[in-house]
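One structure is given below, encoded as structure tokens.
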Amino acid sequence: MSKLSALEMNLLRQIADLHKIPEGAYNIRENGQLGGRNSTENIEISTKTDKPGIDIRIKPGTKNESVHIPVIITKTGYSELVYNDFYVGEDSDVIIIAGCGIHNSGCDTAQHDGVHTFYVGKNARIKYVEKHYGEGEGTGERIMNPSTVVYLEEGARVEMDTSQIRGVDSTRRSTKIYAKAGGEVLVLEKLLTHGRQTAVSDMEIMLEGDGSRARVISRSVAQDESEQTFYPKVTGGAECFAHVQCDSIIMGRAKVSSIPAINARHVSAQLVHEAAIGKIAGDQLLKLMTLGLTEKEAEERILAGFLK
Amino acid sequence: MLSIRGLRYAVEDAGGGREILGGIDLDVERGRLVVITGPNGGGKTTLAKAVMGLIEPASGSIKFNGTELIGLSVTERARLGISYGFQHPPRFKGLQVTELLSIAAGRKLTPNECCAYLVKVGLCTEDYIDREIDASLSGGELKRIEIATILARNSSLMIFDEPEAGIDLWSFSKLTQTFEAIHKRSDSTIIIISHQERIIRLADEVVLVAGGRVTQTGAAGDILPHIGDVAVDCAIKEALV
Ligand SMILES: Nc1ncnc2c1ncn2[C@@H]1O[C@H](COP(=O)(O)OP(=O)(O)OP(=O)(O)O)[C@@H](O)[C@H]1O
Ligand SMILES: [Mg+2]
Numbered sequence: 016m017s018k019l020s021a022l023e024m025n026l027l028r029q030i031a032d033l034h035k036i037p038e039g040a041y042n043i044r045e046n047g048q049l050g051g052r053n054s055t056e057n058i059e060i061s062t063k064t065d066k067p068g069i070d071i072r073i074k075p076g077t078k079n080e081s082v083h084i085p086v087i088i089t090k091t092g093y094s095e096l097v098y099n100d101f102y103v104g105e106d107s108d109v110i111i112i113a114g115c116g117i118h119n120s121g122c123d124t125a126q127h128d129g130v131h132t133f134y135v136g137k138n139a140r141i142k143y144v145e146k147h148y149g150e151g152e153g154t155g156e157r158i159m160n161p162s163t164v165v166y167l168e169e170g171a172r173v174e175m176d177t178s179q180i181r182g183v184d185s186t187r188r189s190t191k192i193y194a195k196a197g198g199e200v201l202v203l204e205k206l207l208t209h210g211r212q213t214a215v216s217d218m219e220i221m222l223e224g225d226g227s228r229a230r231v232i233s234r235s236v237a238q239d240e241s242e243q244t245f246y247p248k249v250t251g252g253a254e255c256f257a258h259v260q261c262d263s264i265i266m267g268r269a270k271v272s273s274i275p276a277i278n279a280r281h282v283s284a285q286l287v288h289e290a291a292i293g294k295i296a297g298d299q300l301l302k303l304m305t306l307g308l309t310e311k312e313a314e315e316r317i318l319a320g321f322l323k
Numbered sequence: 016m017l018s019i020r021g022l023r024y025a026v027e028d029a030g031g032g033r034e035i036l037g038g039i040d041l042d043v044e045r046g047r048l049v050v051i052t053g054p055n056g057g058g059k060t061t062l063a064k065a066v067m068g069l070i071e072p073a074s075g076s077i078k079f080n081g082t083e084l085i086g087l088s089v090t091e092r093a094r095l096g097i098s099y100g101f102q103h104p105p106r107f108k109g110l111q112v113t114e115l116l117s118i119a120a121g122r123k124l125t126p127n128e129c130c131a132y133l134v135k136v137g138l139c140t141e142d143y144i145d146r147e148i149d150a151s152l153s154g155g156e157l158k159r160i161e162i163a164t165i166l167a168r169n170s171s172l173m174i175f176d177e178p179e180a181g182i183d184l185w186s187f188s189k190l191t192q193t194f195e196a197i198h199k200r201s202d203s204t205i206i207i208i209s210h211q212e213r214i215i216r217l218a219d220e221v222v223l224v225a226g227g228r229v230t231q232t233g234a235a236g237d238i239l240p241h242i243g244d245v246a247v248d249c250a251i252k253e254a255l256v
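Here the protein sequences line up with chains E and Y, keeping their order.
Offset between the first sequence (1-based) and the working numbering: plus 15.
Offset between the second sequence (1-based) and the working numbering: plus 15.
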């Protein structure tokens, strides 16, 4: 990775907290090229032969290992569609850190569309962390459209932690998760849009087996004239439990829509949805101002906490 | 240190304007502990908010160490040395107790320093410093954290609005000791809005506010026996006769 420039290192820091070559398995994709790869005894990464992307195979019983698969784009006008498939062996417990950073200093659109599919074996657990980050002085748009599909076998668990804080002009996120008996789904989604950015998040969780559970927490801040739309949808087809909570702070002339759906297909499906949109509570701002912060500082503290 | 003259405040309601503060005059000297008491709806909270800058009075003057506060922002007043513990403190999703106390203190506090403030309001600390100030806190816990922020702020004028509300007996006794200790050991000026006799007894001076006016001031021993004389809400009065 020594050939990475300071600019590229900064993108990596933003999306993957990477300051040096990661430990364990990794695959770095730079402007569509392979920027570095490491497979380990338990985690094998290979290039797909039929389409762009990689296969990640994790041996059964692999514990406490991590996979980093950052994507960075620094070329204006560069667009890509990438497929990454994860085969997670039974009883393993791994953390997967993905993320995309775009630095667009030109005037053409830079776009990354990633399709991630996870096949999570029986009783396996994965934590999937995804950060999106955009920067660059150019007028070219920065677009990211992540699509995530997760198949949980019996007793498997996915914890999905996604965040996109500023910098991405347009995003359309699609998430589909299918859980068999005893499967557990945890989704934490954080989003901040500003300027004229737009973001759409389409999420569908299918609880198909008895004892499956899902908890979704979505927190978003929409500033300026940005627009956000959320479609969280949960279907309970067995004895299952789901709780979806969408909280948005709206500012300026932004627009936020939260359009939830809960569908029960079984008498013992227990599905709860809570959604709230509102501006920063006036008494929160005032309280912090009585502690000596300016209104602007108070606002920043409240937003930082909310999106933490 | 604090000198209030002719303070008036009114709100618009269905029948037009309604006067909430009808010309308050009040002087508080440096280092004193003053308790403001009086019937519900009398205007105590409104008065405190006017001092902190949370509401804008229609007319009158509030001088703090000779500086006119009217026209200054909440932030400016806070930086001059005024703090106010809310009667109904807000909750913050995602803000931890340590963070709020650090904001109050104006610097990053160590866990030990946070603990010290929390102990003063009767909170067993280890359990609380990492807690978020969200809906998961009980009313009494939230209220005591609010008081701790004022202690951490350590400003020259501290105003507490019904600090005893919703607080259990054990914490209440800890709290009264804390007020006594601050009063004894520092030259901060303390104003406590309270309905509790035990707090009223701590006061150097008690101020009775009713119907948007100061109706009486004096030592606790002089005021307490006459509490029953205060004009109560007319509906209640009619019901009594
Ligand atoms: N924004 C407002 N709109 C309408 N009425 C208001 C407003 N703010 C205060 N009031 C009224 O002003 C009066 C004084 O309120 P305030 O909160 O100052 O009373 P208080 O003395 O603190 O009472 P308590 O002991 O119950 O806390 C009350 O009758 C209240 O209903
Ligand atoms: Mg009050």
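Just so it is clear, CB atoms sit at the ideal spot from N, CA and C, and this is done for glycine as well.
(message) In the DSSP assignment, the beta strand (DSSP E) including C115(E) goes from what residue to what residue?
(response) 108-118
(message) So with CB distances below 9 angstroms, who are the chain E contacts of F101(Y)?
(response) D298, L301, K302, T305
(message) Since M67(Y) and I174(Y) should fall inside the 8 angstroms C-beta cutoff, what is the C-beta to C-beta distance between them, to a whole number of angstroms?
(response) 7 angstroms
(request) Pick helix, strand or coil for V112(Y), following the three-state DSSP scheme. (result) helix
(request) Mind listing the chain E neighbours of L69(Y)? Cutoff is C-beta to C-beta under 8 angstroms, in chain order. (result) L301, T305
(message) To the nearest angstrom, how far is the alpha carbon of K59(Y) from that of I118(Y)?
(response) 27 angstroms
(request) Give the DSSP-derived three-state secondary structure of K90(E) in the structure shown. (result) coil
(request) Decide if V26(Y) is buried, meaning its Cβ has at least 16 other Cβ atoms within 10 Å, or exposed. (result) exposed
(request) Please report how far the alpha carbon of G236(Y) lies from the alpha carbon of R216(Y), in whole angstroms. (result) 8 angstroms
(message) Would H118(E) and E95(E) qualify as a contact pair, given that the criterion is a beta-carbon distance under 8 angstroms?
(response) no
(message) Using the Cβ count rule (16 or more neighbours within 10 Å means buried), how would you classify L166(Y)?
(response) buried
(request) Tell me whether the beta-carbon of N138(E) lies closer than 8 angstroms to the beta-carbon of E105(E). (result) yes
(request) Express the C-alpha separation of S88(Y) and L49(E) in angstroms, rounding to a whole number. (result) 56 angstroms
(request) On the DSSP bridge assignment, give the partners of D217(E) in chain order. (result) S189(E), Y246(E)
(request) Taking only heavy atoms of ligand 1 into account, decide whether any of them is closer than 7 angstroms to the Cβ of G38(Y). (result) no
(request) Please confirm whether any heavy atom of ligand 2 lies closer than 7 angstroms to the CB of D298(E). (result) no
(message) Would T52(Y) and S209(Y) be called neighbours here (beta carbons separated by less than 8 angstroms)?
(response) yes
(request) Assign P178(Y) to one of two classes, buried (16 or more other C-beta atoms within 10 Å of its C-beta) or exposed (fewer than that). (result) buried
(request) Quick one: measure Cβ to Cβ for R47(Y) and T204(Y), integer angstroms, because I've assumed they're closer than 8 angstroms. (result) 6 angstroms
(message) Using CA atoms only, rank isn't needed, just tell me which of A290(E), H258(E), I277(E) is closest to V271(E).
(response) A290(E)
(message) Rounding to the nearest angstrom, what Cα-Cα distance links M221(E) and I112(E) in this structure?
(response) 24 angstroms
(message) Does the distance between the C-beta of I162(Y) and the nearest non-hydrogen atom of ligand 2 fall short of 7 angstroms?
(response) no
(message) Quick check on DSSP: helix, strand or coil for A131(Y)?
(response) helix
(message) Is there a Cβ of chain Y sitting closer than 8 angstroms to that of K90(E), yes or no?
(response) no
(message) Any beta carbon from chain Y within less than 8 angstroms of R181(E)'s own beta carbon?
(response) no
(message) Looking at I197(Y): is its Cβ nearer than 8 angstroms to the Cβ of I207(Y)?
(response) no
(request) Determine whether the Cβ of V66(Y) lies closer than 8 angstroms to any Cβ atom of chain E. (result) no
(request) Decide if the region 305-316 of chain E is in contact with the region 244-255 of chain E; the criterion is three or more beta carbon pairs, one per stretch, under 8 angstroms apart. (result) no
(request) Give the secondary structure of Q260(E) by DSSP, where H, G and I count as helix, E and B as strand, and everything else as coil. (result) strand
(message) Using a Cβ-based criterion (distance less than 7 angstroms to any ligand heavy atom), does E177(Y) qualify as near ligand 2?
(response) yes
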